[in-house]
Amino acid sequence: MSSIFRDFFNSRQEDKEPSEITYQNEKPENKDPIKIKAQVYGVVQGVGFRYTTKHLADQLKVSGIVRNESDGSVYIEALGSDQQIKQFIEELAKGPSPSASVDQVVVEYDDSIPDYEGFGERH
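Sequential numbering of the sequence shown, starting at 1, is according to the working numbering.
Here it is as structure tokens:
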């Protein structure tokens, strides 16, 4: 990522307050990796949300997928260590894209998520 874009991205992130995070179930105990499904609502399509989510996941070494949904939300499957997933969810709630405006992140812990290698955008 170029220095100008990185500076803009980081300055915008510092100004953002996290949105509401709703957990559908309890985090499993003694699981590694932690696997989640997340639905992100707000202004999250057409604003670089998938691209910046992939960049965030790559930085945190989180594996999974991100895709746009027909209802205007963004769907994410992710796996990583407890700390990686916690930080990933917190950053999603802020909206990793400078132009995004996240209203809510709904998270469900789900062991049935595949063991992805790396993080990718899906269509």
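Where a beta carbon is used, it is the ideal one built from N, C-alpha and C, also for glycine.
Here the structure is a predicted model, which is why all the values come from computation and not from measurement.
Per DSSP, reduced to three states, the secondary structure at K37 is strand. Within the stretch 44-110, the complete alpha helix (DSSP H) runs of at least 4 residues fall at 49-60, 82-94.
Per DSSP, the beta bridge partners of E20 are Q104. When the five nearest sequence neighbours on each side are left out, the beta carbons in the same chain lying within less than 6 Å of the beta carbon of Y41 are those of S73, D103, Q104, in order along the chain. Pairing D71 with Q83, the inter-Cα distance amounts to about 30 Å.
Shown here, E121 sits in a strand according to DSSP, grouped into three states.
Rounded to the nearest angstrom, the Cβ distance from S112 to P33 is 13 Å, too far for a contact under 8 Å. Out of H123, E108, F119, G120, the CA that lies nearest to the CA of K35 is found in E108.
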